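Asker: So the sequence lines, in the order shown, correspond to chains A and B. Counting with this note's numbering, you get residues 6 to 305 for the letters of the first sequence. Counting with this note's numbering, you get residues 6 to 305 for the letters of the second sequence. Here it is: the structure, laid out below.
2 protein chains.
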Amino acid sequence: MGASQTALPRYIGIDGGGSKCRASIYAEDFTLLGSGVAGRANPLHGLEQAFKSIEQATSLALADAGLTAEISGQLIAGAGLAGLNVPSLLSAMTAWQHPFKALYLTSDLHTACIGAHGGQDGAVIITGTGSCGYARVDGQEICLGGHGFALGDKGSGAWLGLRAAEHVLLSMDGFAAHTELEACIKTQLQVQTSTGIVEMLAGKSSSVYATLARSVLQCAAEGDQVAMAIVREGAAYISDMARALLAIKPPRFSMIGGLAEPLRPWLAADIACSISATLAPPEYGAALYAKQCHQNNDSN
Amino acid sequence: MGASQTALPRYIGIDGGGSKCRASIYAEDFTLLGSGVAGRANPLHGLEQAFKSIEQATSLALADAGLTAEISGQLIAGAGLAGLNVPSLLSAMTAWQHPFKALYLTSDLHTACIGAHGGQDGAVIITGTGSCGYARVDGQEICLGGHGFALGDKGSGAWLGLRAAEHVLLSMDGFAAHTELEACIKTQLQVQTSTGIVEMLAGKSSSVYATLARSVLQCAAEGDQVAMAIVREGAAYISDMARALLAIKPPRFSMIGGLAEPLRPWLAADIACSISATLAPPEYGAALYAKQCHQNNDSN
Chain A
6 MGASQTALPR YIGIDGGGSK CRASIYAEDF TLLGSGVAGR ANPLHGLEQA FKSIEQATSL
66 ALADAGLTAE ISGQLIAGAG LAGLNVPSLL SAMTAWQHPF KALYLTSDLH TACIGAHGGQ
126 DGAVIITGTG SCGYARVDGQ EICLGGHGFA LGDKGSGAWL GLRAAEHVLL SMDGFAAHTE
186 LEACIKTQLQ VQTSTGIVEM LAGKSSSVYA TLARSVLQCA AEGDQVAMAI VREGAAYISD
246 MARALLAIKP PRFSMIGGLA EPLRPWLAAD IACSISATLA PPEYGAALYA KQCHQNNDSN
Chain B
6 MGASQTALPR YIGIDGGGSK CRASIYAEDF TLLGSGVAGR ANPLHGLEQA FKSIEQATSL
66 ALADAGLTAE ISGQLIAGAG LAGLNVPSLL SAMTAWQHPF KALYLTSDLH TACIGAHGGQ
126 DGAVIITGTG SCGYARVDGQ EICLGGHGFA LGDKGSGAWL GLRAAEHVLL SMDGFAAHTE
186 LEACIKTQLQ VQTSTGIVEM LAGKSSSVYA TLARSVLQCA AEGDQVAMAI VREGAAYISD
246 MARALLAIKP PRFSMIGGLA EPLRPWLAAD IACSISATLA PPEYGAALYA KQCHQNNDSN
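In structure tokens, the structure reads:
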């Protein structure tokens, strides 16, 4: 990396999720200097793991930028993490002896939204392994869904997979219609019996169920009635969630996550038309959040 | 205990379940001599735990009968356990250095059915924390459902609880109707927010969800539309399962488990009328199974 003034490392943005943690280092003008990805960093799933993943992602981002470890002490960090609405987790994260010059914490939804809309107000729905919605307009904030597998997360990959597995087990017992979805799920799991399906899925994490979503979406696209009913129910929920977010008039609305594109044709037409492309990733949003907080701190 | 010939300990019947293990010692004429209850003994949830629970329940039953530990070596044991359809678990259980004179293994459904019908052919549906069905007629056997939480077990306590929690979270986000069920579930869990509900339930075992069934059944009995819809869907599945079992013409049909009575008014009328009282508990069925197997062994 060159040593021009603008390229000096200044911010680090951290997106801590349930399956991975991504950190990106930016210059003062938000030129990207380097990125790193480590394991999960969701405080709900373990604080020590979250600290470790943030540190690992930071080390990898520093190495990617050609910087030494000591530089972390000069970086102004922003981190978007799930679970900070739980008071005990917020105080533990706040008390963390982090390696940065400063660390500003907010929800992963907030940083995703800041990134998607380039720092401006807006709304986002995230549909990947799980599902949730967020909007922020003039300081007013709404969070919807995101209650987790198997309590909520309707319309998410894990939800589609669970509903499909439930139906296939019912149909194999003779209590529901046999359709192509049954053959697709059996082929994907490489098992032929109910016992085999249960052995592959019982007690498994949401990400294992989410792998089945591609079979469900493929069968639905090919007109399988059961798969279509499942996808329609999930998409109707996502459309309802979008309507609730749009009610507070966000200037922009984006969909994020692995299911954003495949679900789009199943959403209500007015919702599908209102989707804008995301402008930047969540870790960019986290760095931008850190800059805003740090400027406010300095001006106080 | 008296030392008359008929009261000599001869059989031990073991009912190993997902939450507890019950063992009962019987004389040759099946007079009950003593019983003991220990922790869970489901090989699917851990073999060592299953061995330990069976040994503890046996010790407690021996003590209850006023017998010493050495007597176990004279007992002919029968055990009904879940998970023996998994080949690795069956071979591990068969290889176990058990403390009995002989040990005969079969499924927990089979011993429950033998007990319910006093040793004769018949059908049973078990609806407690989970749900499943079993029938045996002239050597023909059917097993239905029982795929476990949250993949299957429709109509069970855990299923009712999960469906109710899902609905309450949707209604609190504004995506489903508010009914009395919402207040009942919040009161039972002693929380008022979505986050509170998620903290109480996320990642919890099926038995935690099953505790919510009483709120669901109570609200349904009082005419709550959401609770009624959930209970009707579960009961319709149990009625379908009963019809599939009755198709092979079992001489008797019984319902077992904590939800058997509360679900009865919600079952199809023809199914509700076809229910016979259970004649004896599963551990009695397990002891009867041991006697039958042992006699067959001796006569070979």
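For glycine and all other residues, C-beta sits at the position ideal for the given N, C-alpha and C. Quick caveat, the model's predicted, so the values are computed rather than measured.
Ala62 (chain B) and Pro255 (chain B) - do their beta-carbons sit closer together than 7 Å?
Answerer: Taking a C-beta distance under 7 Å as the contact criterion, Pro255 (chain B) and Ala62 (chain B) do not qualify as a contact pair.
Asker: Taking CB distances under 7 Å as the criterion, tell me whether Asn47 (chain A) reaches chain B.
Answerer: Taking CB atoms only, Asn47 (chain A) has no neighbour in chain B less than 7 Å away.
Asker: Can you pull out the residues from the region 166-182 of chain B whose beta carbon lies closer than 8 Å to at least one beta carbon of chain A?
Answerer: Leu167, Ala170, Glu171, Leu174, Leu175, Asp178, Gly179 and Phe180
Asker: Just checking: is the beta-carbon of Gly138 (chain B) within a distance shorter than 7 Å of some beta-carbon in chain A?
Answerer: no
Asker: For a contact defined as C-beta to C-beta under 7 Å, what are the partners of Gly150 (chain B) on chain A?
Answerer: By Cβ distance, chain A contributes Asp178.
Asker: So with Cβ pairs under 7 Å, would you call Ala207 (chain A) a contact of chain B?
Answerer: yes
Asker: With a cut-off of 8 Å on the beta carbons, I'd call Leu268 (chain A) and Thr134 (chain A) a contact; round off their distance for me.
Answerer: The C-beta separation of Leu268 (chain A) from Thr134 (chain A) comes to about 14 Å, leaving the pair out of contact by the 8 Å criterion.
Asker: Less than 7 Å between CB atoms is the rule here; does Asp34 (chain A) satisfy it with respect to chain B?
Answerer: No, its Cβ sits nowhere closer than 7 Å to a Cβ of chain B.
Asker: Should Val196 (chain A) be flagged as near chain B, meaning a C-beta pair shorter than 7 Å?
Answerer: No - not a single Cβ of chain B is within 7 Å of the one on Val196 (chain A).
Asker: Using a cut-off of 8 Å between C-beta atoms, extract the partners of Asp245 (chain A) located in chain B.
Answerer: Phe180
Asker: Leaving aside the five residues before and after Ala181 (chain B) along the sequence, list all residues of the same chain whose C-beta is less than 7 Å from its C-beta, in chain order.
Answerer: His172 and Leu175
Asker: Report buried or exposed for Glu33 (chain A), applying the criterion of at least 16 other Cβ atoms within 10 angstroms of its Cβ.
Answerer: exposed
Asker: Anything in chain B within Cβ reach of Thr200 (chain A), meaning under 8 Å, just list it in chain order.
Answerer: By Cβ distance, chain B contributes Asn90 and Val91.
Asker: Against chain A, does Ala215 (chain B) count as a neighbour if the rule is that its beta carbon must be under 7 Å from one of theirs?
Answerer: no
Asker: Whether or not the region 154-163 of chain A and the region 208-225 of chain A are in contact is what I'm after, with contact meaning three or more pairs of Cβ atoms, one per stretch, closer than 8 Å; do they touch?
Answerer: yes
Asker: Have a look at the DSSP bridge pairing and note the partners of Val142 (chain B).
Answerer: The partner list for Val142 (chain B) (beta bridge, DSSP) reads B:Gln145.
Asker: Tell me the rounded alpha-carbon separation between Ala170 (chain A) and Leu156 (chain B).
Answerer: 7 Å
Asker: Return the bridge partner residues of Gly85 (chain B) from the DSSP annotation.
Answerer: B:Asp20 and B:Thr111
Asker: How long is the line joining the alpha carbons of Asn90 (chain B) and Lys159 (chain B), rounded to whole angstroms?
Answerer: 21 Å
Asker: Cβ of Ala82 (chain B) within 7 Å of Cβ of Ala232 (chain B)?
Answerer: no
Asker: If contact means a Cβ-Cβ distance below 8 Å, which residues of the region 236-261 of chain A contact chain B?
Answerer: Taking 8 Å as the Cβ-Cβ cut-off against chain B, the residues of the region 236-261 of chain A that qualify are Tyr242, Asp245, Met246 and Ala249.
Asker: How far does the beta strand (DSSP E) with Gly162 (chain B) in it reach, from first residue to last?
Answerer: No beta strand (DSSP E) holds Gly162 (chain B); the alpha helix (DSSP H) holding it covers Gly162 to Met177.
Asker: Could you tell me whether the Cβ of Ala155 (chain B) comes closer than 7 Å to any Cβ of chain A?
Answerer: Cβ-Cβ to chain A under 7 Å: yes for Ala155 (chain B).
Asker: To which residues of the same chain is Arg257 (chain B) closer than 6 Å at the C-beta, ignoring the five residues directly before and after it?
Answerer: Excluding sequence neighbours, Arg257 (chain B) sits near His122, Gly127 and Ser281.
Asker: With DSSP as the reference, label Arg15 (chain A) as helix, strand or coil.
Answerer: strand
Asker: Hey, is Val129 (chain A)'s beta-carbon within less than 7 Å of any beta-carbon in chain B?
Answerer: no
Asker: Taking the alpha-carbon positions, what's the Thr192 (chain A) to Pro92 (chain A) distance?
Answerer: 44 Å
Asker: Nearest by alpha-carbon distance to Ala291 (chain B): which of B:Ser77, B:Asp113 and B:Asp69 is it?
Answerer: B:Asp113
Asker: Tell me which residues share the same chain as Trp1 (chain A) and place their Cβ nearer than 7 Å to its Cβ, disregarding the 5 neighbours each side in the sequence.
Answerer: Outside the shown range of chain A (6 to 305) lies residue 1 (chain A), about which nothing can therefore be said.
Asker: Using a Cβ cut-off of 7 Å (strictly closer), state whether Asp113 (chain B) contacts chain A.
Answerer: no
Asker: Counting only Cβ pairs nearer than 7 Å, list the residues of chain A close to Val203 (chain B).
Answerer: His152, Gly153 and Leu156
Asker: From this set, B:Asn301, B:Leu251, B:Glu288 and B:Tyr289, which residue's C-alpha is nearest Ser279 (chain B)'s C-alpha?
Answerer: B:Leu251
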